[in-house]
Amino acid sequence: MIILGHGIDLVEVAALRRWIEDPRDPLLPRCFTAEEIAEIGDGPERVERLAGRFAAKEAVLKALGTGFGAGVAFKDVVVRRRPGGPPEAVLDGGAALAARDLGVTGWRLSISHAGGMAIASAIALGDGAQAALPSAGPR
Numbered sequence: 001m002i003i004l005g006h007g008i009d010l011v012e013v014a015a016l017r018r019w020i021e022d023p024r025d026p027l028l029p030r031c032f033t034a035e036e037i038a039e040i041g042d043g044p045e046r047v048e049r050l051a052g053r054f055a056a057k058e059a060v061l062k063a064l065g066t067g068f069g070a071g072v073a074f075k076d077v078v079v080r081r082r083p084g085g086p087p088e089a090v091l092d093g094g095a096a097l098a099a100r101d102l103g104v105t106g107w108r109l110s111i112s113h114a115g116g117m118a119i120a121s122a123i124a125l126g127d128g129a130q131a132a133l134p135s136a137g138p139r
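UniProt numbering puts the first residue of the sequence shown at 1, with every later residue one more than the last.
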């Protein structure tokens, strides 16, 4: 396995709380699947967990070199937790197409929280059959 891409994202937990509570643009149903929301559950660390997953979604798309928009939706990246294991990314739609085009065959995700911040790192792995990064073309 080789590293095809690496993305990192940092989210301020208080900022995410404000976005969630903004009635003009409800973030949860736009960015998270029902499965993700149910898995996160309720409780005092709910917003912190949401911030970590939001950061992980952003990190995955940075690793792919895409970002949201242009055929990639927030819900195209689902972040879930395996019982007793690390978080995992499941891709659909435009994100899955981008991963396929890049030759991604696996992911390594890490999410951490400290000081009112959530950080996530996403490493896209592949077998090396396709180029790791798009070419800038001749110079």
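Where is the CB? At the ideal position from N, CA and C, for every residue including glycine.
Taking the beta carbon of residue i as the centre, do at least 16 other beta carbons fall within 10 Å, making it buried, or is it exposed?
i	result
GLY52	buried
ASP101	exposed
LEU61	buried
GLY7	buried
For residue i, report the span of its beta strand (DSSP E) as first-last.
i	result
ASP25	Element bounds for ASP25: n/a, residue is neither H nor E.
ASP42	From DSSP, ASP42 is part of no beta strand (DSSP E); its letter is neither H nor E.
MET117	117-126
Identify the continuous alpha helix (DSSP H) that holds residue i and give its terminal residues.
i	result
ARG100	93-102
Can you give me the Cβ contacts of residue i inside the same chain, cut-off strictly under 8 Å, excluding the 5 residues immediately before and after it?
i	result
LEU125	MET1, ILE2, ILE3, LEU4, VAL104, THR105, GLY106, TRP107 and ARG108
Can you tell me which of the three DSSP states residue i falls into?
i	result
ASP9	strand
ARG108	strand
GLY65	coil
ARG30	helix
ARG80	strand
ALA14	helix
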